[in-house]
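Novice:
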Amino acid sequence: MAIKLSVQPTERILFCGSKWWGDPDMPANMEYPTIEVTEDGETYDYPLTFICQINCTDIAPFDPENKLPHEGMLYFFAAIDKWIGYDSPTTNGAGEWPKGHFLVKYAKNINFETFQSCMMVDDNDESLTEKEMEIVFSECNPDEKCIRLLGTPSSKEVAEKYPDMLNLLQLTAAENFPIEFEGELNLLMKPADLGYGNWKKTVAHL
22 MAIKLSVQPT
32 ERILFCGSKW
42 WGDPDMPANM
52 EYPTIEVTED
62 GETYDYPLTF
72 ICQINCTDIA
82 PFDPENKLPH
92 EGMLYFFAAI
102 DKWIGYDSPT
112 TNGAGEWPKG
122 HFLVKYAKNI
132 NFETFQSCMM
142 VDDNDESLTE
152 KEMEIVFSEC
162 NPDEKCIRLL
172 GTPSSKEVAE
182 KYPDMLNLLQ
192 LTAAENFPIE
202 FEGELNLLMK
212 PADLGYGNWK
222 KTVAHL
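All residue numbers for the sequence shown refer to this note's numbering, where the first residue is 22 and numbers rise by one.
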């Protein structure tokens with residue numbers, strides 16, 4: 022069994038809840054991830070795109086085998102600006118992505134008093150992020166072509182390339198999610214690394 026993620030607009034406040042896009046709600050000591058890029062001879066830190074945060078209590082009913090945490094917050098970031106219609110100094114294509122071009126973060130405990138929204142704004146203090154959307158979770162087949170947690174990659178080729186890895190997040194075209202790549206972006210982990218929370222062992226493949 023896998024966990025399908027559907028997204029929908031909402032007027033509800035999603036602070037410290039499961040949400041797609043928007044700004045991540047993180048502990049004060051957690052830094053927003055960036056990647057070092059060089060353009061026109063200048064080197065600077067460029068922020069990774071915040072994809073979503075998962076309040077793990079929301080997925081507990083759909084994870085009877087306890088493969089994922091059932092408390093705390095999971096965060097997903099990746100250099101996907103190019104694939105959602107924005108100019109980007111990063112150019113990742115098909116295949117395995119280099120480390121640093123994606124990141125999974127985890128906060129074991131959620132504290133409404135100390136967590137803060139890490140807002141990305143331009144020089145005029147205007148938001149640089151897409152409007153946040155609510156995530157609705159449901160069961161799905163482990164190889165279904167959809168946005169989901171767990172299971173195996175929908176691509177047989179990718180599943181065969183990483184036979185000992187579990188699909189942590191699969192990103193693909195879906196309703197309310199305009200992306201410009203065909204196929205999927207898979208974030209994969211070995212079950213043992215997932216069990217120990219070794220998030221740095223994640224592999225990304227487009």
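Ideal Cβ positions, reconstructed from N, Cα and C, are used throughout, including at glycine.
Exposed or buried, what is N207 when buried is set at 16 or more other beta-carbons lying within 10 Å of its beta-carbon?
Specialist: The residue labelled residue 207 in the question sits at position 186 within the sequence shown. Label assigned to N207: buried.
Novice: Could you compute how far the alpha carbon of P4 sits from the alpha carbon of I72?
Specialist: The chain is shown from 22 up to 227; residue 4 falls before or after that span and cannot be answered.
Novice: Using the three-state DSSP reduction, which class does K152 fall into: helix, strand or coil?
Specialist: Locating residue 152 in the sequence shown gives position 131, counting from the first residue. DSSP places K152 in coil when its eight states are reduced to three.
Novice: Hey, how far is the Cα of D185 from the Cα of C167?
Specialist: Mapped onto the sequence shown, residue 185 falls at position 164. Mapped onto the sequence shown, residue 167 falls at position 146. D185 and C167: Cα-Cα distance of roughly 21 Å.
Novice: Does the distance from the C-beta atom of E153 to that of L35 stay below 7 Å?
Specialist: Walking along the sequence shown from the start, residue 153 turns up at place 132. Walking along the sequence shown from the start, residue 35 turns up at place 14. Cβ atoms of E153 and L35: closer than 7 Å.
Novice: Do the CB positions of T150 and G43 come within less than 7 Å of each other?
Specialist: In the sequence shown, counting from the first residue as 1, residue 150 sits at position 129. In the sequence shown, counting from the first residue as 1, residue 43 sits at position 22. It is a contact, given that the beta carbons lie within the stated cut-off.
Novice: Mind checking V28: buried by the 16 CB within 10 Å criterion, or exposed?
Specialist: Stepping through the sequence shown from its first residue, residue 28 is reached at position 7. Buried.
Novice: Counting pairs of Cβ atoms below 8 Å between the region 133-148 and the region 55-62, do you hit three or more?
Specialist: No contact exists between the region 133-148 and the region 55-62.
Novice: With a threshold of 7 Å on Cβ separation, who are the neighbours of G218 within its own chain once the five nearest residues in sequence on each side are excluded?
Specialist: As a first step, residue 218 is located in the sequence shown; it is residue number 197 there, counting from the start. If we look at G218 and ignore the five residues flanking it on each side, its Cβ neighbours are Y127.
Novice: Could you give the DSSP three-state label for W41: helix, strand or coil?
Specialist: The count along the sequence shown starts at 1 and reaches residue 41 at position 20. Strand.
Novice: By a C-beta neighbour count over all protein chains shown, 10 Å radius and 16 as the cutoff for buried, is E205 buried or exposed?
Specialist: In the sequence shown, counting from the first residue as 1, residue 205 sits at position 184. Under this definition E205 is a buried residue.
Novice: Can T31 and V125 be called in contact, C-beta distance under 7 Å?
Specialist: Here the question's residue 31 lines up with position 10 in the sequence shown. Here the question's residue 125 lines up with position 104 in the sequence shown. Contact flag unset, no.
Novice: DSSP three-state label for D164, please.
Specialist: What you label residue 164 is simply residue 143 of the sequence shown in a count that begins at 1. Correct three-state label for D164: coil.
Novice: Which residue or residues does DSSP assign as beta-bridge partners of H226?
Specialist: Sequence index remark: in the sequence shown, residue 226 carries index 205 (1-based). DSSP output for H226 lists E117 and N207 as bridge partner(s).
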